[in-house]
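Some notes on the structure that comes next.
Protein chains: 2
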Amino acid sequence: MSDLLDRLRGRGWRMTAQRRVVAEVLDGDHIHLTADEVLARATTRLPEISRATVYNTLGELVSLGEVIEVATDGRAKRYDPNAHRPHHHLVCSGCGTIRDVHPGGDPLADLPTSERFGFTVSEAEVTYRGLCPDCTRA
Amino acid sequence: MSDLLDRLRGRGWRMTAQRRVVAEVLDGDHIHLTADEVLARATTRLPEISRATVYNTLGELVSLGEVIEVATDGRAKRYDPNAHRPHHHLVCSGCGTIRDVHPGGDPLADLPTSERFGFTVSEAEVTYRGLCPDCTRA
DNA sequence: TCCTACGATGGACCAAGTCCAAGTCAATAC
DNA sequence: GTATTGACTTGGACTTGGTCCATCGTAGGA
């Protein structure tokens, strides 16, 4: 079932109950949970798990490149398990939900050297904002 | 000197010493200060100003459309006085400084209807990430 | 110049996240 | 199977960024 767990084990990641549960929670649907939501879901499977561990594990998954940290609104960060395939995000200004989108075009190519100011630019991330169908109606 | 202050006055914005100072701080250079930095600079001009007032005033400038709130990293929000001209941001992953950039191309046009999932998409913001000259050296 | 509604104050409060000393346990070695 | 040990987990204190609210002050109109 879990590619993610296999990959992690293969990379020599020390496996503990807590880490497994966090990885499993993320590996489920491709939704974008906050750390607190991850904690809540992890707690239903492993009631003793602590907040610090969830933060530690999330941080580790991010630095392993298995999960992407998304900070769209200055509130809680969200964690995106779809790190395999490059994509961008469509955020609802009403309720905050996020969808992955795969637009055409490469924004990095649109940034001429003259607009780079000596930076070593490595990444371009696009955030589309709007209202989701539910919030449009409301 | 200040178009911003004139515009605000013209819109019937009640002018107080505190509001003027906050607007002046932002209106200076086109850098992107955090609320705390705004407070620090405002304090040098008007020592009695309070944190709550700075937050209130910033929030008001944002909803008047005179200032843009930029949340690039899940840490402190930054305030961008360059609301007149559409632009995107180049963020240093090392030190967090932000530069305005004006790339070619329109990312909104790159998002086909099939990738909009029924959203009413109104805006696309691009964040370029990389290392600034100083952080590249270090 | 006086009034009054709007703005400012500061201190309490809140949410998200980090830190740390002490305890626990997965993986390796025997 | 047991011992060992360094990495992982815990929970509670702490930090940071931000909001709320009752009270006080004042800009701007009459």
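First to last, the protein sequences are chains A and B.
The numbering used here numbers the first residue of the first sequence as 250 and each following residue consecutively.
The numbering used here numbers the first residue of the second sequence as 250 and each following residue consecutively.
Cβ atoms here follow ideal geometry from the backbone N, Cα and C, with glycine treated the same way.
Contact set for B:T369: own chain, Cβ-Cβ below 7 Å, skip 5 residues either direction
Working through the second sequence from its first residue, we reach residue 369 of chain B at position 120. Correct list: empty, nothing qualifies.
Kindly provide the ranges of any beta strand (DSSP E) runs that are 3 or more residues long and lie completely inside the segment 292-369 of chain A, ordered along the chain.
317-319, 327-329, 337-341, 347-350
Contact set for A:S312: own chain, Cβ-Cβ below 7 Å, skip 5 residues either direction
For the purposes of this step, residue 312 of chain A is taken as residue 63 along the first sequence, with counting starting at 1. There are no such residues.
Find out if the Cβ-Cβ distance for the pair B:C384, B:G354 is shorter than 8 Å.
Within the second sequence, numbered from 1, the residue matching residue 384 of chain B stands at position 135. Within the second sequence, numbered from 1, the residue matching residue 354 of chain B stands at position 105. Not closer than 8 Å, so no.
Does the distance from the C-beta atom of A:M264 to that of A:R256 stay below 8 Å?
Position 15 of the first sequence, counted from the start, is the residue given in the question as residue 264 of chain A. Position 7 of the first sequence, counted from the start, is the residue given in the question as residue 256 of chain A. No, Cβ-Cβ distance for A:M264 and A:R256 is not below 8 Å.
Any idea what DSSP makes of A:M250, helix, strand or coil?
Position 1 of the first sequence, counted from the first residue, corresponds to residue 250 of chain A. At A:M250 the pLDDT is 48, less than 50, meaning the model places this residue with poor confidence; the figure from the coordinates comes in the next sentence. Coil at A:M250, not helix or strand.
Within its chain, find whatever has a CB closer than 8 Å to the CB of B:L295; leave out the 5 residues flanking it on each side and keep chain order.
Counted from its first residue, the second sequence places residue 295 of chain B at position 46. Cβ neighbours of B:L295 beyond the five flanking positions: A266, Q267, V270.
So which residues of chain B does A:D322 contact, with C-beta pairs closer than 8 Å?
Residue mapping note: residue 322 of chain A aligns to position 73 of the first sequence, counting from 1. Neighbours of A:D322 on chain B, chain order: A320.
Does DSSP put B:G429 in a helix, a strand or coil?
Coverage of chain B is limited to positions 250 through 387, which leaves residue 429 of chain B absent and any answer about it impossible.
Are the Cβ atoms of A:D322 and A:G345 separated by less than 8 Å?
Translated into positions along the first sequence, residue 322 of chain A becomes position 73. Translated into positions along the first sequence, residue 345 of chain A becomes position 96. Yes; because the gap between Cβ atoms is below 8 Å, this pair is in contact.
Beta-carbon proximity list for A:D349, same chain, < 7 Å, skipping 5 on both sides:
As a working note, residue 349 of chain A is residue 100 in the first sequence. Cβ neighbours of A:D349 beyond the five flanking positions: H279, N331, H336, H338.
C-alpha distance - B:R300 paired with B:H333, whole-angstrom precision
Position 51 of the second sequence, counting from 1, holds the residue named residue 300 of chain B. Position 84 of the second sequence, counting from 1, holds the residue named residue 333 of chain B. Those two C-alpha atoms are separated by around 27 Å.
Taking only heavy atoms of the ligand COA into account, decide whether any of them is closer than 7 Å to the Cβ of A:P296.
By its list of ligands, the structure shown contains no ligand whatsoever, and the ligand COA lies outside what it can speak to.
List, in chain order, every chain A residue whose beta-carbon is nearer than 8 Å to that of B:R258.
Position 9 of the second sequence, counting from 1, holds the residue named residue 258 of chain B. Ordered by position in chain A, no residue passes the 8 Å Cβ test against B:R258, which lies about 29 Å from the chain.
Tell whether a beta-carbon distance below 8 Å holds between A:P356 and B:P382.
Working through the first sequence from its first residue, we reach residue 356 of chain A at position 107. Working through the second sequence from its first residue, we reach residue 382 of chain B at position 133. Result no, Cβ atoms of A:P356 and B:P382 do not sit closer than 8 Å.
What are the partner residues of B:A375, as DSSP defines its beta bridges?
Position 126 of the second sequence, counting from 1, holds the residue named residue 375 of chain B. The residue asked about is misnamed: residue 375 of chain B is Val in this sequence, not Ala. DSSP lists A:V375 as partners of B:V375.
Look at A:L254 and A:E315 and say whether their C-beta atoms are less than 8 Å apart.
Here residue 254 of chain A refers to the residue found at position 5 when the first sequence is read from its first residue. Here residue 315 of chain A refers to the residue found at position 66 when the first sequence is read from its first residue. It is not a contact, given that the beta carbons lie outside the stated cut-off.
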